[in-house]
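Enquirer:
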Amino acid sequence: MLEKVKKTLERFQMLAAGDKVLVGVSGGPDSLALLHILWRLREELDLELMVAHLDHMLRGEEAYQDALHVEKIASFLGIPAVIERVDVAAYQAEHGGSLEAAAREVRYNLFIKAAQKGRCQKIALGHNLDDQAETVLMRLLRGTGLAGLGGIPPVRPLEGMDIIRPLIEVSRAEILAYCREEGLEPRWDWTNEEPIYLRNKIRLELLPWLEAEFNPNLRQLLASNALLWREE
0 MLEKVKKTLE
10 RFQMLAAGDK
20 VLVGVSGGPD
30 SLALLHILWR
40 LREELDLELM
50 VAHLDHMLRG
60 EEAYQDALHV
70 EKIASFLGIP
80 AVIERVDVAA
90 YQAEHGGSLE
100 AAAREVRYNL
110 FIKAAQKGRC
120 QKIALGHNLD
130 DQAETVLMRL
140 LRGTGLAGLG
150 GIPPVRPLEG
160 MDIIRPLIEV
170 SRAEILAYCR
180 EEGLEPRWDW
190 TNEEPIYLRN
200 KIRLELLPWL
210 EAEFNPNLRQ
220 LLASNALLWR
230 EE
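For the sequence shown, numbering that gives the first Met the number 0 assigns the number 0 to the initial residue and increments by one for each residue that follows.
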């Protein structure tokens, strides 16, 4: 998996020597694997790393333990960490919109603020191939133009920095296998297993059914086509 990620980094020119990279880490398998891989590559690629984690205050003690876990891992790896707690439910009540949208907005605000304060050039996030496939399918269901079929961008400029997604060509199964092989212990967010949000329904119900009935390689196909659409 390490070599696969290196190829993605090169293909999309995600990093340059001397970059300082803020890694958004929830404590789940994707972001944990991302942090570990960038930590392994830090000397080879001449990178300086820092970690940012947001406690959304939506899952009580579990969320608090997520934050402690991330802080502990960052300390073990010798990486400075910014940990913040924000009442996302209160933020949603004040600003409107869905809880998902509020959580995303608060999270990105933290990443931008922490990255700017830390003088980072890049913000690395753990979106993977499965996330890409789910996004494309979700946009197809909602109706979208060709730009929407491009899915999640591997690199996106934001506030004078770049958001990069080094795991965008790596499957969730590969990430879980990497965590097992490297002895990484991710935290698990049970809300990801609740089929109440559209994305969760697509991941838990629709995609598995489509793969079983029509094409077992559908995730790879959707993700690959997203990158092709984006490059055209």
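All residues carry an ideal CB built from backbone N, CA and C; glycine is no exception.
This structure is a prediction, so every number in the text was calculated from the model and none was measured.
1. How would you label H94, buried or exposed, when you count the other beta carbons within 10 angstroms and need 16 or more for buried?
2. Would you list, in sequence order, the uninterrupted alpha helix (DSSP H) runs of no fewer than 4 residues that lie entirely inside the region 167-214?
3. For L139, does the three-state DSSP call read helix, strand or coil?
4. Could you have a look at E47 and say whether DSSP puts it in helix, strand or coil?
5. Would a C-beta distance cut-off of 9 angstroms place I78 and V4 closer than the cut-off?
6. Note down, in chain order, each residue of its chain lying with its Cβ closer than 8 angstroms to the Cβ of Q120, except the 5 sequence neighbours on either side.
7. Leaving aside the five residues before and after A132 along the sequence, list all residues of the same chain whose C-beta is less than 6 angstroms from its C-beta, in chain order.
8. Would V24 and V85 qualify as a contact pair, given that the criterion is a beta-carbon distance under 9 angstroms?
9. Please report whether the beta-carbon of F213 lies at a distance below 9 angstroms from any beta-carbon of chain D.
10. Output needed for P153: all residues of its chain with C-beta closer than 6 angstroms, excluding positions within five of it in sequence on either side, in chain order.
11. Note the first and the last residue of the continuous alpha helix (DSSP H) segment covering G300.
12. Helix, strand or coil: how does DSSP classify E61 here?
13. Starting from the C-beta of Y177, find all residues in its chain whose C-beta is less than 6 angstroms away, skip the five residues before and the five after it, and write them out in chain order.
14. Check whether the region 141-151 and the region 178-189 touch, using three or more Cβ-Cβ pairs below 8 angstroms as the test.
15. Do you know whose CA, among D129, A89, L37, R58, lies nearest L205's CA?
16. Just to confirm before moving on: does the CB-CB distance between I82 and A66 stay below 9 angstroms?
17. With S30 and G125 assumed to form a contact (beta carbons below 8 angstroms), what rounded beta-carbon distance in angstroms separates them?
18. Could you give the DSSP three-state label for V81: helix, strand or coil?
19. Can you tell me whether DSSP reads P152 as helix, strand or coil?
20. Under a Cβ-count criterion, where at least 16 other Cβ atoms within 10 Å of its own Cβ denotes burial, should G26 be classed as buried or exposed?
21. Helix, strand or coil for L109? Go by DSSP, reduced to three states.
22. When the Cα atoms are used, what is the spatial distance from A123 to N199?
23. What first and last residue would you give for the alpha helix (DSSP H) that runs through A89?
Expert: Straight from the coordinates:
1. Position 95 of the sequence shown, counting from 1, holds the residue named residue 94. H94 comes out exposed.
2. 171-181, 197-200, 206-212
3. What you label residue 139 is simply residue 140 of the sequence shown in a count that begins at 1. Helix at L139.
4. Taking the sequence shown and counting its residues from 1, one reaches residue 47 at position 48. Residue state, collapsed to three classes: strand.
5. As a working mapping, residue 78 is identified with position 79 in the sequence shown. As a working mapping, residue 4 is identified with position 5 in the sequence shown. No; because the gap between Cβ atoms is not below 9 angstroms, this pair is not in contact.
6. Taking the sequence shown and counting its residues from 1, one reaches residue 120 at position 121. Only A15, D18, K19, V20, M160, D161 meet the Cβ criterion.
7. Within the sequence shown, residue 132 is the residue found at index 133, counting from 1. R218, L221, A222, listed in sequence order.
8. Along the sequence shown, read from residue 1 onward, the residue named residue 24 stands at position 25. Along the sequence shown, read from residue 1 onward, the residue named residue 85 stands at position 86. No, the pair does not count as a contact, with Cβ atoms beyond the cut-off.
9. Chain labels in this structure do not include chain D; a single protein chain is all it has.
10. Translated into the one-based positions of the sequence shown, residue 153 becomes position 154. Within the same chain, P153 has close Cβ partners F11, R164, I167.
11. Since the first and last residues shown for the chain are 0 and 231, residue 300 lies out of range.
12. Taking the sequence shown and counting its residues from 1, the one referred to as residue 61 is at position 62. Looking at E61 - three-state DSSP - the assignment turns out to be helix.
13. Taking the first residue of the sequence shown as 1, we reach residue 177 at position 178. Cβ within range, chain order: M0, A32.
14. no
15. Position 206 of the sequence shown, counted from the first residue, corresponds to residue 205. The option with the nearest alpha carbon to L205 is D129.
16. Counting from 1 along the sequence shown, the entry for residue 82 is found at position 83. Counting from 1 along the sequence shown, the entry for residue 66 is found at position 67. Contact flag set, yes.
17. Locating residue 30 in the sequence shown gives position 31, where the first residue counts as 1. Locating residue 125 in the sequence shown gives position 126, where the first residue counts as 1. Confirmed, Cβ separation roughly 4 angstroms.
18. Against the sequence shown, residue 81 aligns to sequence position 82. Of the three classes helix, strand and coil, the one that applies to V81 here is strand, per DSSP.
19. To locate residue 152, count along the sequence shown from 1; it is residue 153. Looking at P152 - three-state DSSP - the assignment turns out to be coil, as it is neither helix nor strand.
20. Taking the sequence shown and counting its residues from 1, the one referred to as residue 26 is at position 27. Classification for G26: buried.
21. Within the sequence shown, numbered from 1, the residue matching residue 109 stands at position 110. L109 falls in the helix class under three-state DSSP.
22. Sequence index remark: in the sequence shown, residue 123 carries index 124 (1-based). Sequence index remark: in the sequence shown, residue 199 carries index 200 (1-based). So the two alpha carbons sit approximately 23 angstroms from each other.
23. Position 90 of the sequence shown, counting from 1, holds the residue named residue 89. From DSSP, the alpha helix (DSSP H) with A89 extends over 87-94.
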